[in-house]
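Novice:
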Amino acid sequence: MNTQTHVLLAAAVLAKPDQPARNTAVIAGSLVPDLAIYTLFVWSKIAGIAERTVWSELYYQPPWSDAVTIGNSAPIYLLFLVVGLTATTWFRPASLLTYFALAALIHLATDFPVHVDDAHAHFWPVSEWRFRSPVSYWNPNHNGNWFAFFEIAIGILLSFVLWRRFHAVWVRALLVLAVIAYLGPPLYFGVLAGL
Ligand SMILES: [Zn+2]
1 MNTQTHVLLA AAVLAKPDQP ARNTAVIAGS LVPDLAIYTL FVWSKIAGIA
51 ERTVWSELYY QPPWSDAVTI GNSAPIYLLF LVVGLTATTW FRPASLLTYF
101 ALAALIHLAT DFPVHVDDAH AHFWPVSEWR FRSPVSYWNP NHNGNWFAFF
151 EIAIGILLSF VLWRRFHAVW VRALLVLAVI AYLGPPLYFG VLAGL
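Here it is in structure tokens:
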């Protein structure tokens, strides 16, 4: 799914008002699986590489493919989760690692059913297996069009849930921005990439 949906979902499940450290860990965990993709995007812009080359070639080649695989490895986050849960019994701040791992695992679980050609090896290093779903969250050739509507509906619903839970003006401003952001990627990848 799109990054902002991962962030909104993890926040809706795990974030609480007046717990900034916990909420930061939740947001970081929800973002980290997509970190390699954003790094590739920014680096390719700086290096002046064509959009087509980035997403059809570089994304599937080392070191980028390795970075994406590591960032989307469920066993790594499960390890973090076990360490976090164990360590919290004698060192309370370790619960932040637990929240980080949980948010990342929610990200992986919701990406799992909606990737086709770009499916991640979610069980690496245990297995290289990739689940090629019939549904892509973005590719119109694999039901991406109707899923996009579904994801936008989920995103707006989650924004509403968080709006009710958080009263701070800056949080609510970010929620408005998140809703606006749903219109960005379809415009960017659909309209601009077609030019
Ligand atoms: Zn992802």
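Under our numbering, residue 195 is the last one in the sequence shown; the count climbs by one each step, no gaps.
Quick reminder that beta carbons are idealized off the backbone N, C-alpha and C, glycines included.
Keep in mind it's a predicted model, so treat the numbers as computed, not measured.
1) So Val54 and Ser44 are supposed to be a Cβ contact under 8 Å. How far apart are they, rounded?
2) Please name the residue, chosen from Tyr77, Ala47, Thr39 and Glu51, that lies closest to Ser65 on a Cα-to-Cα basis.
3) Let me know if Gly155 comes out buried or exposed under the rule of 16 or more other beta-carbons within 10 Å of its beta-carbon.
4) I'd like to know if the region 92-103 and the region 20-29 are in contact, where contact means that at least 3 CB-CB pairs between them fall below 8 Å.
5) Rounded to whole angstroms, what is the Cα-Cα separation between Phe131 and Val114?
6) Might you give, ordered along the chain, the residues of its own chain that have their beta carbon closer than 7 Å to the beta carbon of Trp163, omitting 5 neighbours on each side?
7) Taking all protein chains shown into account, do 16 or more other C-beta atoms lie within 10 angstroms of the C-beta of Glu57, making it buried, or fewer, making it exposed?
8) Along the chain, where does the alpha helix (DSSP H) containing Ile106 start, and where does it finish?
Specialist: Checking against the coordinates, here is how it stands:
1) Right, the Cβ-Cβ distance comes to about 4 Å (below 8 Å), so this counts as a contact.
2) Comparing Cα positions, the closest option is Thr39.
3) It is buried - the Cβ of Gly155 has at least 16 other Cβ atoms within 10 Å.
4) The answer is yes - the region 20-29 touches the region 92-103, with three or more Cβ pairs under 8 Å.
5) Distance between the alpha carbons of Phe131 and Val114: 9 Å.
6) For Trp163, where only same-chain residues beyond five positions count, the Cβ hits under 7 Å are Arg172 and Leu175.
7) Exposed, because fewer than 16 other Cβ atoms sit within 10 Å of the Cβ of Glu57.
8) If you look at Ile106, you'll find it in the alpha helix (DSSP H) that goes Ser95 to Asp111.
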